[in-house]
Each structure stands twice: as C-alpha cells, then as structure tokens.
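S.K.: Sequential numbering from 1 applies to the sequence shown in my numbering.
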Amino acid sequence: TDYLSEIRRESEHLQRVLEDFLSFAQPKSTRVEEVDLLQILRRAASDPSLAGMEVEIDSKEGLETRIKGDAQLLERAVRNLLHNAAQAEEENGRDGPLEARLREGDNEIELVIRDRGPGLSAEIRDQLFQPFTTTRPDGVGLGLSLTLRIVTLHGGRVGLDNHPEGGVQATVSFPLEG
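1. Please tell me whether R157 and S173 are closer than 8 Å, where the distance is taken between their beta carbons.
2. Using the rule of at least 16 other Cβ atoms within 10 Å of the residue's Cβ for burial, across every protein chain shown, is G69 buried or exposed?
3. Three or more beta-carbon pairs under 8 Å between the stretch 117-125 and the stretch 99-107, yes or no?
4. For D161, which residues does DSSP report across the bridge?
5. So that I know if they touch, is there some Cβ in chain C lying closer than 8 Å to that of E61?
6. Tell me whether G178 is buried or exposed, calling it buried when 16 or more other Cβ atoms sit within 10 Å of its Cβ.
7. Can you tell me whether L63 is buried or exposed, with buried defined as 16 or more other CB within 10 angstroms of its CB?
8. Which one of T135, L176 and T152 has the shortest CA to CA distance from A77?
9. Does DSSP put P118 in a helix, in a strand, or in coil?
10. Are A44 and E75 closer than 8 Å when you measure CB to CB?
11. Ordered along the chain, which non-local residues of its own chain (more than five positions away) have a Cβ less than 7 Å from that of L176?
12. By how many angstroms is the C-alpha of E104 removed from the C-alpha of D2?
13. Measuring alpha carbon to alpha carbon, tell me which residue in Q127, I40, P48 and V35 is nearest S5.
14. Across which residues does DSSP place P175 in a beta bridge pair?
15. Since G166 and N84 are thought to touch, with beta carbons under 8 Å apart, how far apart are those beta carbons, to the nearest angstrom?
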C-alpha cells in the first residue's frame with residue numbers, strides 16, 4: 001500500500017502542476033460575485049491534496065469576510081498557499097497543524113497562513129513570485145506566481161515573510177466592499 005499511496009500522491013502533484021500551468025498560460029475569465037473568504041479558506045483547507053495536514057482556522061466572530069471575487073480562483077490561490085505551507089512543514093519534519101487566520105485591516109481583510117518550516121532566505125523570497133522559481137527539487141514554480149496573479153486581479157496584495165518564531169508567514173490582503 002506504500003506504493004499505492006506514493007502513486008496517488010505523485011498523480012495529485014502532476015494534476016496540480018498541469019492545472020497551475022494551464023491557469024497560468026491561459027487564465028480563464030473571472031466570474032465576480034460576493035464571496036465569503038472564510039468559506040473559501042475552509043474549502044481549501046479540506047482539499048485532499050493536503051494529505052491529511054490539519055489546518056487550524058482562526059476568525060473572530062462578527063468579522064466581515066465577504067469580498068467581491070471569483071470563488072474558484074480565490075480558492076486556488078488559498079490552496080496554493082496552504083499546499084506550500086504543508087510542504088514546508090514536511091521539510092522540517094513536522095506534520096502541522098498549519099495556522100490560518102483572518103483579521104481586519106484598514107478597509108481590507110487579511111488572510112495569514114503560517115508554517116513552521118525552514119523559512120526563506122531574502123534572495124529567494126524576493127524571487128518566489130516569478131514564474132518557474134522554486135525551492136523544491138520536484139517543484140515547477142508556478143503556484144506562487146499564479147497566486148500573485150489571482151490576488152492582484154482581485155485588487156489585493158500578497159507577501160511572504162519569515163516569522164520571528166520560525167517558518168514563513170504568507171499574508172494576503174483584499175479590499176472590503178465599501
């Protein structure tokens with residue numbers, strides 16, 4: 001059964017690579033509507049490609065989590081960030097849980113995803129949003145560039161920073177409906 005799970009994991013990886021490549025090469029038209037970022041985060045966190053990695057979601061009750069956007073594209077961006085965080089945890093010999101938090105900003109909502117992986121050097125951190133830049137031997141380097149493209153399309157910003165206690169913190173900000 002180890003071989004079977006390895007085959008399954010590799011085929012899921014290949015599927016993600018192909019989906020990212022197709023999305024990057026030929027972005028689909030967006031379907032903008034009011035969406036709930038908390039629901040999008042929950043759906044992305046339950047994605048089978050996370051291989052059982054637990055995601056702790058923290059969202060203050062009453063927090064405005066509705067934004068205008070394309071739910072499918074936003075879920076892909078969040079899933080990419082969670083997937084990268086899960087891989088970083090595995091690299092560091094940890095198995096989660098990942099932390100995902102929604103918080104208020106100035107007329108915006110922020111999604112913060114934190115891992116406890118090895119962190120990033122300043123030089124690679126500045127390049128990771130470029131297509132085909134990766135830190136992994138089996139990586140293609142499209143996930144973060146696609147994520148940046150999706151977030152920017154929605155009027156948002158995305159950044160990666162090393163967390164003071166170790167690992168990386170990805171912060172995505174989207175404007176709230178005014």
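Every residue gets a Cβ at the ideal spot worked out from N, C-alpha and C, and that includes glycine.
M.R.: In short:
1. yes
2. buried
3. Look at the beta carbons and you see the stretch 117-125 not touching the stretch 99-107: under three pairs across the two are nearer than 8 Å.
4. Q169
5. Included in the structure is just one protein chain, with no chain C present.
6. With a pLDDT of 49 at G178, under the threshold of 50, the predicted position of this residue should be treated as unreliable, though the coordinate-derived value follows. Answer is exposed; the Cβ neighbour count stays below 16.
7. exposed
8. Comparing Cα-Cα distances from A77 to each of T135, L176 and T152, the minimum goes to T152.
9. coil
10. A44 places its beta carbon less than 8 Å from that of E75.
11. E64, I67, N107, E108 and I109
12. 44 Å
13. P48
14. E108
15. Not really, about 16 Å apart at Cβ, beyond 8 Å.
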